[in-house]
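K.L.:
For the working numbering, count along the sequence shown from 1 and bump the result up by 734.
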Amino acid sequence: MIDLSTAYLGLELENPLVPSSSPLTGELDSARKLEDAGASALVLPSLFEEAIIYEQQQLEQYVHSQVLGHYEAQSFQPVPDNYSSELDNYLERIQQFKTALDIPVIASLNGISTSGWIDTGKELQQAGADALELNVYYIAADPGISGEDVEQRYLQLLGDLQQHVSIPITMKLSSQFSSVANMVLKLQQAGANGVSLFNRFYQPDIDLETLRIKPQLELSTTTESLLRIRWIALLRGRVDLSIAATGGIHNRDSII
735 MIDLSTAYLG
745 LELENPLVPS
755 SSPLTGELDS
765 ARKLEDAGAS
775 ALVLPSLFEE
785 AIIYEQQQLE
795 QYVHSQVLGH
805 YEAQSFQPVP
815 DNYSSELDNY
825 LERIQQFKTA
835 LDIPVIASLN
845 GISTSGWIDT
855 GKELQQAGAD
865 ALELNVYYIA
875 ADPGISGEDV
885 EQRYLQLLGD
895 LQQHVSIPIT
905 MKLSSQFSSV
915 ANMVLKLQQA
925 GANGVSLFNR
935 FYQPDIDLET
945 LRIKPQLELS
955 TTTESLLRIR
965 WIALLRGRVD
975 LSIAATGGIH
985 NRDSII
């Protein structure tokens with residue numbers, strides 16, 4: 735049998751097949767099926783920065799500020815010891831997966847600021863995550879922000895988190911950098927253990943009935959794998975970190 739073993743983010747894997755963040759990697763039953771089918775590791779669905787911030791704001795409003803219509807209604811609030819936050823649920827999921835699976839479990843953070851991410855990253859590591867994927871979702875719509883400013887945001891986030899966690903970190907990038915190769919090199923020099931190519935942004939559409947903007951993200955197609963394959967081929971041998979393709983990998987031919 736052909737030896738497909740490889741090293742990814744410093745982790746020794748039986749093969750290079752690592753299901754990326756998706757609903758399939760978020761449920762234990764489907765994660766077990768992925769492992770049984772040959773997955774050598776998996777990336778959990780992303781923990782979103784805005785979801786945590788929103789949750790914290792709601793707790794501040796309803797628990798600490800006590801914005802209630804009637805005094806007796808205070809007893810309707812959840813008991814803090816029994817309340818499970820978005821982060822609590824994510825940490826519990828990591829622990830469950832680590833207990834039930836024999837493959838590495840990679841946590842995923844989606845956001846752009848370092849606020850709160852340092853403590854969150856430490857908790858993900860303590861829960862048992864084998865590595866951490868930073869899915870930096872940032873659209874530079876401000877004409878006053880330069881390409882260098884955007885790159886610095888990524889590097890700052892990586893640097894700040896590296897000071898507080900010891901597990902490997904990979905950055906999930908978009909293809910919209912003016913120089914993808916140079917950005918990957920900068921991340922390597924800053925200490926990143928890997929990069930995932932490429933992130934897919936939501937493409938807003940307008941609902942013609944309501945005239946409101948609606949988020950839209952179509953499923954990827956096999957043709958999207960070509961851009962990933964191209965950049966992996968261009969970067970191979972020029973940078974010294976793990977490179978993963980994400981998006982457009984739908985069939986055997988794409989994998990091979």
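Here a beta-carbon is modelled for each residue, glycine too, at the ideal position from N, C-alpha and C.
1) What separation, rounded to the nearest whole angstrom, lies between the Cα atoms of S755 and L975?
2) Taking the CB atoms as reference points, tell me whether A924 and I901 lie closer together than 8 Å.
3) Just tell me which of I903, L758, G862, N916 has its CA closest to the CA of Q886.
4) If we ignore side chains and look at the alpha-carbon of each, how far apart do R962 and L743 end up?
5) Quick one: using the 10 Å Cβ neighbour count with 16 as the cut-off for buried, is A773 buried or exposed?
6) Considering just the uninterrupted stretch of the alpha helix (DSSP H) at G928, what are its terminal residues?
7) Using a 10 Å radius around the Cβ and a threshold of 16 neighbouring Cβ atoms, would you call K906 buried or exposed?
8) Measure the Cβ-Cβ separation of E867 and V752 and say whether it is below 8 Å.
9) Is the Cβ-Cβ distance between L678 and A863 less than 8 Å?
10) Since I believe E958 is in contact with G928 (beta carbons under 8 Å), could you give me their beta-carbon distance rounded to a whole number of angstroms?
11) Could you check the C-alpha separation between P779 and P877 for me, to the nearest Å?
12) Ordered along the chain, which non-local residues of its own chain (more than five positions away) have a Cβ less than 6 Å from that of K948?
13) Excluding the five sequence neighbours on either side, which residues of its own chain have a C-beta within less than 7 Å of the C-beta of F831, listed in chain order?
14) Please name the residue or residues paired with D941 in a DSSP beta bridge.
15) Quick one: using the 10 Å Cβ neighbour count with 16 as the cut-off for buried, is I879 buried or exposed?
16) So, for S846: in the same chain, excluding its five sequence neighbours on each side, which residues have a beta-carbon less than 8 Å away from its beta-carbon?
17) For G881, report the span of its alpha helix (DSSP H) as first-last.
18) Just how far apart, CA to CA, sit T759 and S988?
P.N.:
Answer, in terms of the structure:
1) 20 Å
2) no
3) N916
4) 18 Å
5) buried
6) Here G928 belongs to no alpha helix (DSSP H); instead the beta strand (DSSP E) covers 928–931.
7) buried
8) no
9) The structure shown does not extend to residue 678, since the chain spans only 735 to 990, so no value can be given for it.
10) The pair is not a contact, with the Cβ atoms about 20 Å apart (cut-off 8 Å).
11) When rounded, the distance between both Cα atoms is 32 Å.
12) Hits under 6 Å: D939, D941.
13) L762, A765, V839
14) Its beta-bridge partners are R946.
15) Exposed, because fewer than 16 other Cβ atoms sit within 10 Å of the Cβ of I879.
16) In the sequence as displayed, the identity of residue 846 is Ile instead of Ser. Here the set comprises E783, V870, Y871, Y872, R887, L891.
17) Unbroken alpha helix (DSSP H) run through G881: 881–896.
18) 20 Å
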